[in-house]
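Residue numbers for the sequence shown follow numbering that gives the first Met the number 0, so the first one is 0 and each next one is one higher.
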Amino acid sequence: MANPLIRKHLHFYPEDAGSRLREAWQGQCWLHELSPHIVSQMIRVDHQDYYIHEPAKLCDGMVVVPMRWYMRKSSSGEQLLYGEGRQLVPVGIPQGRQSYVVLDSSVVHFAATDLSLCLSNLIATYQSDGLPDPRSLIGIVRADGGVHPWTWTDPSLGNPWRARAKGQRVVTFMMWLYCDDTSGNVSKKWNKHNSWLFTAAGLPRELGQQESNVHFLATSNLAPPLEMLDGIVSQLEVGQRDGIWAWDVKAKECVFVIPAVLALLGDNLMQSELACHVGLAGKFFCRHCWVKGHNVHEEANIPEAKAASAAGSNSDHSNTSASSVGSQGKPSKKGRRAETLQELVDHCQTGIKDTFQDHFITQIAEFARKLRGSHDEKQAAVDHMIAHEFPANITSPIFRIHDLDANRDTPVEILHVVLLGFVKYFWRDAIARIPKEKKPLLKTRLSALDVSALGIPPLVGETLVTYAGSFMGRDFRTISQVAPFVLYNLVPCECYEAWLALCTLVPLIWQPKIDDIEAHLVKMEAAINHFLRCTACWTPRWFNKPKFHIIRHLVAHVRRFGPAILFATEGFESFNVIVRSKSMHSNRHAPSRDIVRAFARANRIRHLLSGGRFLKEGSLPCSHEPLGLPTDSQAWVSAGHYPLALATPRANMKNIITHYYGLNKAIHAPPPHALGLCLLEPSPSLSWHNTLMAPHLPMALADPQARLRRCKSVQYCTNETYTVGTWVLFQQAMLEANYPSHTQHQHRNMCAIRRVMEIIQVCNSPHAHAGHADWTLIQTIVIAGLAKVYGFSPTAPGTLSDREASGCYMYGQCAAQLCCSQSCADARCSAHPGLPYPTYPVRSRDSHPGRCPCRGGFTGHSEVQNTNTTCEAQRAAPCCY
Numbered sequence: 000m001a002n003p004l005i006r007k008h009l010h011f012y013p014e015d016a017g018s019r020l021r022e023a024w025q026g027q028c029w030l031h032e033l034s035p036h037i038v039s040q041m042i043r044v045d046h047q048d049y050y051i052h053e054p055a056k057l058c059d060g061m062v063v064v065p066m067r068w069y070m071r072k073s074s075s076g077e078q079l080l081y082g083e084g085r086q087l088v089p090v091g092i093p094q095g096r097q098s099y100v101v102l103d104s105s106v107v108h109f110a111a112t113d114l115s116l117c118l119s120n121l122i123a124t125y126q127s128d129g130l131p132d133p134r135s136l137i138g139i140v141r142a143d144g145g146v147h148p149w150t151w152t153d154p155s156l157g158n159p160w161r162a163r164a165k166g167q168r169v170v171t172f173m174m175w176l177y178c179d180d181t182s183g184n185v186s187k188k189w190n191k192h193n194s195w196l197f198t199a200a201g202l203p204r205e206l207g208q209q210e211s212n213v214h215f216l217a218t219s220n221l222a223p224p225l226e227m228l229d230g231i232v233s234q235l236e237v238g239q240r241d242g243i244w245a246w247d248v249k250a251k252e253c254v255f256v257i258p259a260v261l262a263l264l265g266d267n268l269m270q271s272e273l274a275c276h277v278g279l280a281g282k283f284f285c286r287h288c289w290v291k292g293h294n295v296h297e298e299a300n301i302p303e304a305k306a307a308s309a310a311g312s313n314s315d316h317s318n319t320s321a322s323s324v325g326s327q328g329k330p331s332k333k334g335r336r337a338e339t340l341q342e343l344v345d346h347c348q349t350g351i352k353d354t355f356q357d358h359f360i361t362q363i364a365e366f367a368r369k370l371r372g373s374h375d376e377k378q379a380a381v382d383h384m385i386a387h388e389f390p391a392n393i394t395s396p397i398f399r400i401h402d403l404d405a406n407r408d409t410p411v412e413i414l415h416v417v418l419l420g421f422v423k424y425f426w427r428d429a430i431a432r433i434p435k436e437k438k439p440l441l442k443t444r445l446s447a448l449d450v451s452a453l454g455i456p457p458l459v460g461e462t463l464v465t466y467a468g469s470f471m472g473r474d475f476r477t478i479s480q481v482a483p484f485v486l487y488n489l490v491p492c493e494c495y496e497a498w499l500a501l502c503t504l505v506p507l508i509w510q511p512k513i514d515d516i517e518a519h520l521v522k523m524e525a526a527i528n529h530f531l532r533c534t535a536c537w538t539p540r541w542f543n544k545p546k547f548h549i550i551r552h553l554v555a556h557v558r559r560f561g562p563a564i565l566f567a568t569e570g571f572e573s574f575n576v577i578v579r580s581k582s583m584h585s586n587r588h589a590p591s592r593d594i595v596r597a598f599a600r601a602n603r604i605r606h607l608l609s610g611g612r613f614l615k616e617g618s619l620p621c622s623h624e625p626l627g628l629p630t631d632s633q634a635w636v637s638a639g640h641y642p643l644a645l646a647t648p649r650a651n652m653k654n655i656i657t658h659y660y661g662l663n664k665a666i667h668a669p670p671p672h673a674l675g676l677c678l679l680e681p682s683p684s685l686s687w688h689n690t691l692m693a694p695h696l697p698m699a700l701a702d703p704q705a706r707l708r709r710c711k712s713v714q715y716c717t718n719e720t721y722t723v724g725t726w727v728l729f730q731q732a733m734l735e736a737n738y739p740s741h742t743q744h745q746h747r748n749m750c751a752i753r754r755v756m757e758i759i760q761v762c763n764s765p766h767a768h769a770g771h772a773d774w775t776l777i778q779t780i781v782i783a784g785l786a787k788v789y790g791f792s793p794t795a796p797g798t799l800s801d802r803e804a805s806g807c808y809m810y811g812q813c814a815a816q817l818c819c820s821q822s823c824a825d826a827r828c829s830a831h832p833g834l835p836y837p838t839y840p841v842r843s844r845d846s847h848p849g850r851c852p853c854r855g856g857f858t859g860h861s862e863v864q865n866t867n868t869t870c871e872a873q874r875a876a877p878c879c880y
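Now the structure itself:
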């Protein structure tokens with residue numbers, strides 16, 4: 000709140016975005032499902048504070064009781080505050096005076112500008128207006144026809160947060176809460192540390208996943224996750240009961256903050272433990288529903304039960320190759336005695352396992368086993384132990400988090416389910432299936448594939464094939480984007496069809512911005528079902544892995560929490576390196592204390608370098624005042640010019656300080672004038688008629704005698720450039736202005752693929768003085784049907800006239816860069832099994848050892864390999880157009 004780099008991006012109210020879905024505050028959970036007790040309680044309009052569950056008067060005279068506040072974009076694009084409430088109706092009572100009842104069926108939506116009087120002003124004017132006393136609220140009339148008591152607030156006092164806030168604003172700070180285990184050692188020796196982290200759910204996705212915005216809570220190499228969560232929940236309860244005072248650097252005032260948890264993130268094993276679920280190996284293996292596996296006595300009657308069971312890996316962290324579907328896994332180690340008690344049989348029967356409570360139950364069992372005497376004496380001793388040595392509540396602290404359902408609010412984690420799940424299983428299976436004599440061909444195809452537009456370095460086929468069992472999430476992300484173009488005719492047809500279905504599903508899951516949520520979810524659900532059908536046609540043994548069921552819940556979670564990339568844990572997983580680096584400098588006597596102190600020091604320095612506000616010495620309150628913090632803005636200061644100079648960008652070198660504290664992206668954001676910066680070719684200037692643009696657009700240049708320079712590349716958005724020869728995506732609305740002859744119906748809600756042919760800068764033009772490019776010549780590309788082998792959309796040069804086939808555009812009209820792979824299957828590119836490099840019947844001038852000849856230029860058609868429609872989107876897998 001006191002950080003100027005972060006506060007301007009924070010959101011405290013949900014947004015009704017219609018069919019659009021891009022951020023967490025636009026999801027159904029924040030907008031409709033959260034309890035009114037933890038949502039933002041009030042808004043301020045014309046110096047009046049309007050709280051929920053308090054009567055308020057609208058400009059048209061209607062009296063309503065607001066139930067929640069939300070944002071909505073106006074026709075001009077401005078975000079405006081709205082309220083949802085229930086109408087208040089005057090009724091007579093036997094005492095002869097009128098009171099109000101709330102009509103639960105009369106839902107009223109109103110703009111904040113329609114509000115006229117808050118509760119305090121309504122109390123002062125109700126008699127002169129001839130209205131009932133707003134503090135006289137009988138109850139609420141529900142659909143069953145009865146009048147139920149009004150229990151949200153005390154009508155005579157109003158919302159309790161009004162009295163606590165003392166005239167200050169009240170906002171809710173929503174969080175993604177995350178827990179995972181990581182090693183505290185740099186070596187391969189496992190030194191388990193359970194860590195709790197959080198990030199602000201009110202931050203946009205690109206900011207929320209930055210390292211500087213991931214905040215550390217606790218870690219321990221001894222305490223289990225739920226035991227640490229007990230302390231976190233205790234502080235969370237205090238914050239939700241009493242509020243937390245913070246300085247709002249944007250509003251320049253103290254605000255009252257209510258902390259709340261939107262969802263719990265983690266891998267499948269951790270989410271099961273947090274949800275008091277028995278785990279993926281249980282009979283009820285899903286934490287979201289009551290889907291049931293086979294009983295032991297049922298499996299004994301199935302002939303292929305043992306073979307099918309061997310197909311699944313034992314855990315998410317299994318290093319056994321998942322490709323050998325029919326191979327036998329290693330025998331599991333015998334469990335400890337505590338893991339073979341009858342209680343675990345009961346866990347399997349219900350799917351419920353509270354590990355927090357199990358600790359106390361085990362203590363009771365061990366204590367009772369040592370007791371001697373009669374039954375009453377034993378029971379009295381046990382009761383005394385429970386009353387004096389145990390805490391008041393021995394159930395999991397997860398149930399004390401207000402308005403959080405651990406089974407519904409643990410969304411499907413796509414990193415471990417998709418990348419470290421399906422892609423890992425399938426890739427290891429493919430490597431195991433491909434014969435040894437054909438693996439050099441696979442390596443050549445991987446090395447020859449052009450992935451420059453994906454924002455990743457060139458692929459090394461030797462590494463991707465030889466070390467398939469040692470990959471991380473980013474490696475499987477790459478595999479999911481290139482697999483269809485390298486695995487054809489190397490794996491069985493059923494296996495390849497499953498790969499195509501998976502690679503069609505991946506970009507739908509990793510879509511960062513959804514413009515039509517209903518259409519997208521229908522398409523995603525169809526893609527999931529198609530992927531499961533293709534997998535079943537390949538071999539049903541894959542369904543021994545629970546992740547093939549868990550993926551079916553993703554559609555509901557996207558609707559509730561936003562695009563799946565929001566609750567992906569890549570940002571948190573990368574933060575494990577930071578935890579490990581702090582653990583290295585500990586003396587190991589109290590590692591959790593040393594790690595906490597290191598993070599506290601780093602947070603202070605990061606706050607100061609970000610220009611964050613803090614209290615001057617002597618400004619802290621000496622007693623427990625009601626407000627707690629000074630409200631005078633002069634008492635809140637920031638670091639001086641010299642300390643802040645340490646965080647300024649360097650001209651031609653990396654700033655080590657900001658890089659160490661994760662502030663590079665937060666502070667070193669490219670200025671707006673950086674968009675359009677171009678890199679000139681080292682060639683002399685040329686005239687207009689010597690350019691490729693001249694035959695297509697002879698009258699485009701105002702001065703025919705002007706000299707021009709060709710450019711190698713141009714920056715079209717933050718950290719994104721396109722070069723000559725690359726494929727780019729244009730939004731159709733941009734093309735309508737340039738092609739007025741086309742009808743609006745043909746271009747509505749469509750995207751166009753173009754190829755950059757030439758980038759030109761006019762010498763001495765205003766753009767040239769700023770270092771920008773003036774024009775980009777693009778070629779029209781036509782998409783038709785599906786490719787026979789790959790199943791993706793083939794592209795070909797347009798068949799229109801010259802003027803329509805090409806056009807000049809400004810750099811800002813480019814939406815994204817695409818990666819298109821040449822159709823080597825149709826070109827019949829091959830490599831001799833005995834040679835490390837491919838051999839070709841006719842060697843073109845653009846081909847060279849280790850590279851496919853059709854990559855030298857456009858050879859008829861290519862396969863669309865990237866479907867991101869925005870420059871901010873992460874590179875995704877192939878998709879059909």
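Just so you know, even glycine gets a beta-carbon here, dropped at the ideal spot from N, CA and C. Keep in mind the model is a prediction, meaning the values are calculated, not measured.
Could you round the C-beta distance between residue i and residue j to whole angstroms and report it? I think they count as a contact, below 8 Å.
| i | j | result |
| --- | --- | --- |
| Trp151 | Gln40 | Not quite, the Cβ-Cβ distance comes to about 11 Å (not below 8 Å), so this is no contact. |
| Leu118 | Pro133 | 6 Å |
| Ile400 | Leu235 | 7 Å |
| Pro545 | Phe284 | 4 Å |
| Asn2 | His606 | 6 Å |
| Gly207 | Met173 | Their Cβ separation, rounded to whole angstroms, is 11 Å, which puts Gly207 and Met173 out of contact at 8 Å. |
What residue does the beta strand (DSSP E) around residue i start on, and which one ends it?
| i | result |
| --- | --- |
| Gln78 | 78-91 |
| Asn2 | Run containing Asn2: none; DSSP gives neither H nor E here. |
| Phe255 | 252-264 |
| Met471 | Looking at the DSSP string, Met471 is not in any beta strand (DSSP E), and its letter there is neither H nor E. |
| Leu121 | Per DSSP, Leu121 belongs to no beta strand (DSSP E); it is in the alpha helix (DSSP H), 118-124. |
| Val100 | 97-110 |
List the DSSP bridge partners of residue i.
| i | result |
| --- | --- |
| Ala815 | Leu728 |
| Pro148 | Gly138 |
| Ile243 | Val256 |
| Cys677 | Val713 |
| Val170 | Val256 |
How is the alpha helix (DSSP H) around residue i delimited, first residue to last?
| i | result |
| --- | --- |
| Gln378 | 374-388 |
| Glu22 | Counting along the chain, Glu22 falls outside any alpha helix (DSSP H), and DSSP gives it neither H nor E. |
| Asp404 | First-last for Asp404: undefined, no H or E at that position. |
| Tyr424 | 423-432 |
| Phe215 | Not the alpha helix (DSSP H): Phe215 falls in the beta strand (DSSP E), residues 214-219. |
| Val521 | 516-537 |
| Thr361 | 354-368 |
| Glu493 | 492-508 |
Using a Cβ-Cβ distance cut-off of 8 Å, determine whether residue i contacts chain B.
| i | result |
| --- | --- |
| Arg19 | Within the model displayed, chain B is absent; a lone protein chain is all it includes. |
For the stretch 11-19 against the stretch 381-392, do three or more pairs of beta-carbon atoms, one drawn from each stretch, fall closer than 8 Å, so that the two count as touching?
no
For the stretch 42-72, which segments carrying the alpha helix (DSSP H) assignment without a break, of at least 4 residues, lie completely within its bounds, in sequence order?
none
At what residue ranges does the stretch 566-641 contain a whole run of the beta strand (DSSP E), taking only runs of 3 or more?
Whole beta strand (DSSP E) segments, 3+ residues: zero.
What are the complete beta strand (DSSP E) segments, minimum 3 residues, inside the stretch 437-488?
none
Kindly provide the ranges of any beta strand (DSSP E) runs that are 3 or more residues long and lie completely inside the stretch 172-210, ordered along the chain.
191-199
Segment contact flag, the stretch 172-184 with the stretch 573-586, C-beta cutoff 8 Å, min 3 pairs:
yes
Report yes or no: do the stretch 522-536 and the stretch 235-252 share at least 3 C-beta pairs separated by less than 8 Å?
Contact between the stretch 522-536 and the stretch 235-252 is absent, because fewer than three Cβ pairs lie under 8 Å.
Count Cβ pairs between the stretch 138-147 and the stretch 109-118 that sit closer than 8 Å; are there 3 or more?
no
Three Cβ pairs or more, each shorter than 8 Å: is that satisfied between the stretch 4-14 and the stretch 499-516?
No, the stretch 4-14 is not in contact with the stretch 499-516.
Examine the Cβ distances between the stretch 43-50 and the stretch 72-79 and report whether three or more of them are shorter than 8 Å.
no
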